[in-house]
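**Q**
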Amino acid sequence: MGKAHLFFSPLPYFTFSFPNKLPSGSALWVQLSAGPACRVVSSLLRELTGLTLLCGYSQLFVLPHRHSQLKDYCFFSPPRHAVCIFYLVLRALDTVEDDMSIPLDVKVPMLHEFHSYLYQPDWKYTESKEKDRQVLEDFPTISMEFRNLSKVYQDVISDICHKMGVGMAEFLEKKVDSQHEWDKYCHYVAGLVGIGLSRLFSASELEDSIVGQDTDLANSMGLFLQKTNIIRDYLEDQMEGREFWPREVWSRYAKKLSDLAKPENIDGAVQCLNELITNALHHVPDVLTYLSRLKNQSVFNFCAIPQVMAIATLAACYNNQQVFRGVVKIRKGQAVTLMMDATNIQAVKAIMYQYVEEIYQKIPSTDPSSNKTQQVISSIRAVSLPGSPMASRHHYSPIYLSCAMLLAALSWQYLSTLSKATEEYVQAGEN
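Reminder that position 21 of the sequence shown reads as 1115 in my numbering, one-by-one numbering, no gaps.
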């Protein structure tokens, strides 16, 4: 699959210069001094005063816990363990799904039963060829930490793992044909992550029960990010032999999905791109409604940052031929600004409004989807304009903006330092 992200992690939308391979594959907990990272997850999970690095596809989210002024702002302590274990479990599941060396008659039962391995202390898989195989080889450590969680957290993680495994198995031997199947696929690999995290937030009582109960909104949070990833990564996926764009859409513009990358097909390719972006934009009102219900500052940051990164990415991709020629990324400075600004619902609404207006200004009059694009943008305007009727649960003081700026600066500094340290560690491990 290779497309599932911890969907609230804010860094899938811009890239730092990190190595493609990291020692533990999914999550590292290192000391604030940026010393060598240990391989044993169990001991590291107890070093909660250190620097947290959640790694997904060579992209890191840095959370400096030792700064007392930022602790509550940066991350939410009660479900912190549960969220990290949730990520590791799903990372392990995704590693099984991605490993093409595992025969289907072995892989399908593994995916269906993976949730049960959480309760088997000795289960591990040592024959994986994937770069993230460490999470499977050290799975007894992960499952032990899982069993140490409160039952309410265990139930959420096990349930989501079960549903995701079944969904992954379903799409192993079939491609995404219809737009309905596109939604279904994105639900399995990202919507369920959003639903699970929302249930963890509510179970911890950091958020009201409605956040975990309204699965439609939580699902939209995941779908918006997943569709953005899929749209942006067209060329990368083609080069790796993966196809995630729905046939129902691209078949109107080309005989084969790969044909969209041919120069002679660029006009149709861009029209196809615009149609898919229009589809993804339909999730924005749900995203804003979801975020408006959050009352905990750190949960809000955790959820809001990737969403504003996503809308900025879609604005950069819209009507852009570069999607079929190379990589489209938002600038690092732009990303830091978004991280600093997305601290309350009114700010997020303003950001969404800004980027959908940018898309609106680029709509070609001859584009087949132009009317639909204009309509969905109108619906987003209705809920993102200043004074719109959407209720906000919180209005934070300027101190949070100062904290955000400090957090961004610290994160940038640590990312620069740890990039070199991690590269040296990986090289040492390979020698």
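Where is the CB? At the ideal position from N, CA and C, for every residue including glycine.
Roughly how many angstroms separate the alpha carbons of Glu-1358 and Asp-1193, rounded to a whole number?
**A** As a working mapping, residue 1358 is identified with position 264 in the sequence shown. As a working mapping, residue 1193 is identified with position 99 in the sequence shown. If I take the Cα positions, the gap works out to 35 Å.
**Q** Jot down the residue ranges of each uninterrupted alpha helix (DSSP H) in the stretch 1250-1304, minimum 4 residues, whole runs only, in chain order.
**A** As far as the stretch 1250-1304 is concerned, its whole alpha helix (DSSP H) runs of at least 4 residues are 1273-1280 and 1286-1297.
**Q** Which word fits Glu-1239, buried or exposed, when buried means at least 16 other C-beta atoms lie within 10 angstroms of its C-beta?
**A** Reading the sequence shown from its first residue, position 145 is the one you call residue 1239. Flag for Glu-1239 reads buried.
**Q** Going by Cα to Cα distance, which pick from Ser-1463, Val-1381 and Ser-1272 is closest to Asn-1368?
**A** The sequence position of residue 1368 within the sequence shown is 274, counting from 1. In terms of CA proximity to Asn-1368, Ser-1463 leads the group Ser-1463, Val-1381 and Ser-1272.
**Q** Assuming Gln-1320 is part of the alpha helix (DSSP H), what are its boundary residues?
**A** In the sequence shown, residue 1320 corresponds to position 226, counting from 1. Taken as a continuous stretch (DSSP letters only), the alpha helix (DSSP H) holding Gln-1320 covers 1309-1326.
**Q** Can you name, in chain order, every residue of its own chain whose Cβ lies under 8 Å from the Cβ of Gln-1365, other than the five neighbours on each side?
**A** Working through the sequence shown from its first residue, we reach residue 1365 at position 271. When the five nearest sequence neighbours on each side are left out, the beta carbons in the same chain lying within less than 8 Å of the beta carbon of Gln-1365 are those of Tyr-1347, Asp-1461, Pro-1462 and Ser-1463, in order along the chain.
**Q** Could you give the distance in angstroms between the alpha-carbon of Gly-1306 and the alpha-carbon of Arg-1227?
**A** For the purposes of this step, residue 1306 is identified with residue 212 of the sequence shown, where counting begins at 1. For the purposes of this step, residue 1227 is identified with residue 133 of the sequence shown, where counting begins at 1. Using only the alpha carbons, I get a separation of about 31 Å.
**Q** Taking Cβ positions only, does Ser-1392 come closer than 8 Å to chain B?
**A** Of the protein chains in the structure, only one exists, and it is not chain B.
**Q** Please classify Pro-1173: is it buried, with 16 or more other beta-carbons within 10 angstroms of its beta-carbon, or exposed?
**A** In the sequence shown, the residue the question calls residue 1173 occupies position 79. Answer is buried; the Cβ neighbour count reaches 16.
**Q** If we call anything under 8 Å between Cβ atoms a contact, is Gly-1259 one with Phe-1208?
**A** Stepping through the sequence shown from its first residue, residue 1259 is reached at position 165. Stepping through the sequence shown from its first residue, residue 1208 is reached at position 114. It is a contact, given that the beta carbons lie within the stated cut-off.
**Q** For Lys-1356, which residues in the same chain have their Cβ closer than 7 Å to its Cβ, ignoring the five residues on either side in sequence?
**A** Indexing the sequence shown from 1 puts residue 1356 at position 262. Correct list: empty, nothing qualifies.
**Q** Where does the unbroken alpha helix (DSSP H) through Trp-1339 begin, and where does it stop?
**A** In the sequence shown, counting from the first residue as 1, residue 1339 sits at position 245. Looking at the DSSP string, Trp-1339 is not in any alpha helix (DSSP H), and its letter there is neither H nor E.
**Q** If we count the other Cβ atoms within 10 Å of its Cβ and call it buried at 16 or more, is Gly-1288 buried or exposed?
**A** The residue you call residue 1288 lines up with position 194 of the sequence shown. Answer is buried; the Cβ neighbour count reaches 16.
**Q** Using DSSP with H/G/I as helix, E/B as strand and the rest coil, what is His-1209?
**A** Position 115 of the sequence shown holds residue 1209. In this structure, His-1209 counts as helix in the three-state DSSP scheme.
**Q** Would you mind reading off the limits of the alpha helix (DSSP H) that contains Leu-1354?
**A** For this step, residue 1354 is matched to residue 260 along the sequence shown. Taken as a continuous stretch (DSSP letters only), Leu-1354 belongs to no alpha helix (DSSP H), as it is neither H nor E.
**Q** In the stretch 1356-1396, which residue ranges form an unbroken alpha helix (DSSP H) of at least 4 residues, counting only runs that do not cross its ends?
**A** Runs found: 1360-1375 and 1378-1386.
**Q** I need the DSSP call for Pro-1400, collapsed to helix, strand or coil.
**A** If you number the sequence shown from 1, residue 1400 lands on position 306. If DSSP states are grouped into helix, strand and coil, Pro-1400 belongs with the helices.
**Q** Could you pull out every residue in the same chain whose Cβ sits closer than 6 Å to the Cβ of Tyr-1211, ignoring the five residues on either side in sequence?
**A** Within the sequence shown, the letter at position 117 stands for residue 1211. Apart from sequence neighbours up to five positions away, the residues of its chain that approach Tyr-1211 with a beta-carbon distance below 6 Å are Trp-1217, ordered along the chain.
**Q** When we look at the beta-carbon of His-1274 and count the other beta-carbons within 10 Å, is it buried (16 or more) or exposed?
**A** Counted from its first residue, the sequence shown places residue 1274 at position 180. His-1274 comes out exposed.
**Q** Between which residues of its own chain and Tyr-1384 is the CB-CB distance below 6 Å, once the five residues before and five after are set aside?
**A** In the sequence shown, the residue the question calls residue 1384 occupies position 290. The answer, listed in chain order, is Leu-1311 and Met-1315.
**Q** In three-state DSSP terms, what is Ala-1476?
**A** Indexing the sequence shown from 1 puts residue 1476 at position 382. If DSSP states are grouped into helix, strand and coil, Ala-1476 belongs with the helices.
**Q** Look at the alpha carbon of Leu-1396 and the alpha carbon of Tyr-1328, and state the distance between them as a whole number of angstroms.
**A** Position 302 of the sequence shown, counted from the start, is the residue given in the question as residue 1396. Position 234 of the sequence shown, counted from the start, is the residue given in the question as residue 1328. It should be noted that the sequence gives Phe, not Leu, for residue 1396. Those two C-alpha atoms are separated by around 27 Å.
**Q** In whole angstroms, what separates the C-alpha of Ala-1176 from that of Arg-1185?
**A** Position 82 of the sequence shown holds residue 1176. Position 91 of the sequence shown holds residue 1185. Approximately 14 Å, taken between the alpha carbons.
**Q** Mapping the DSSP letters down to three states, classify Ala-1348 as helix, strand or coil.
**A** Taking the first residue of the sequence shown as position 1, residue 1348 is located at position 254. Ala-1348 falls in the coil class under three-state DSSP.
**Q** Is it buried or exposed for Ile-1405, if we count other Cβ within 10 angstroms and need 16 for buried?
**A** Indexing the sequence shown from 1 puts residue 1405 at position 311. With 16 or more Cβ atoms within 10 Å of its Cβ, Ile-1405 is classed as buried.
**Q** Decide if Lys-1443 is buried, meaning its Cβ has at least 16 other Cβ atoms within 10 Å, or exposed.
**A** By 1-based counting over the sequence shown, the position of residue 1443 is 349. Lys-1443 should be labelled buried.
**Q** Is the stretch 1444-1455 touching the stretch 1406-1419, taking contact as three or more C-beta pairs under 8 Å?
**A** yes
**Q** Should Gln-1391 go down as buried or exposed, given a rule of 16 or more other Cβ atoms within 10 Å for buried?
**A** Within the sequence shown, the letter at position 297 stands for residue 1391. Counting Cβ neighbours within 10 Å, Gln-1391 comes out buried, since at least 16 surround it.
**Q** Can the beta-carbon of Ile-1251 be found closer than 8 Å to that of Phe-1180?
**A** Here the question's residue 1251 lines up with position 157 in the sequence shown. Here the question's residue 1180 lines up with position 86 in the sequence shown. For Ile-1251 and Phe-1180, yes; Cβs fall inside 8 Å.
**Q** Report the three-state DSSP secondary structure of Gly-1150 (helix, strand or coil).
**A** In the sequence shown, residue 1150 corresponds to position 56, counting from 1. Since pLDDT at Gly-1150 reaches only 34, below the 50 mark, its modelled position is unreliable, and the value read off the structure follows with that caveat. Gly-1150 falls in the strand class under three-state DSSP.
**Q** Under 7 Å Cβ to Cβ from Asp-1308, same chain only, skipping five residues before and after it: list those, please.
**A** Along the sequence shown, one-based indexing puts residue 1308 at 214. So the list is empty, once near-sequence residues are dropped.
**Q** Assign Ala-1374 to buried or exposed, taking buried as 16 or more other Cβ atoms, counted over all protein chains shown, within 10 Å of its Cβ.
**A** Numbered from its first residue, the sequence shown carries residue 1374 at position 280. Classified as buried, Ala-1374 has 16 or more neighbouring CB atoms from the shown chains inside 10 Å of its CB.
**Q** Would you kindly work out how many angstroms separate the C-alpha atoms of Asp-1361 and Glu-1224, rounded to a whole number?
**A** One-based indexing of the sequence shown puts residue 1361 at position 267. One-based indexing of the sequence shown puts residue 1224 at position 130. Whole-angstrom Cα-Cα distance: 37 Å.
**Q** Out of curiosity, what's the CA-to-CA distance linking Arg-1326 and Arg-1419?
**A** Residue mapping note: residue 1326 aligns to position 232 of the sequence shown, counting from 1. Residue mapping note: residue 1419 aligns to position 325 of the sequence shown, counting from 1. One C-alpha to the other measures close to 11 Å.
**Q** How long is the line joining the alpha carbons of Ser-1478 and Ala-1284, rounded to whole angstroms?
**A** Reading the sequence shown from its first residue, position 384 is the one you call residue 1478. Reading the sequence shown from its first residue, position 190 is the one you call residue 1284. Distance from the CA of Ser-1478 to the CA of Ala-1284, rounded to the nearest whole angstrom, comes to 24 Å.
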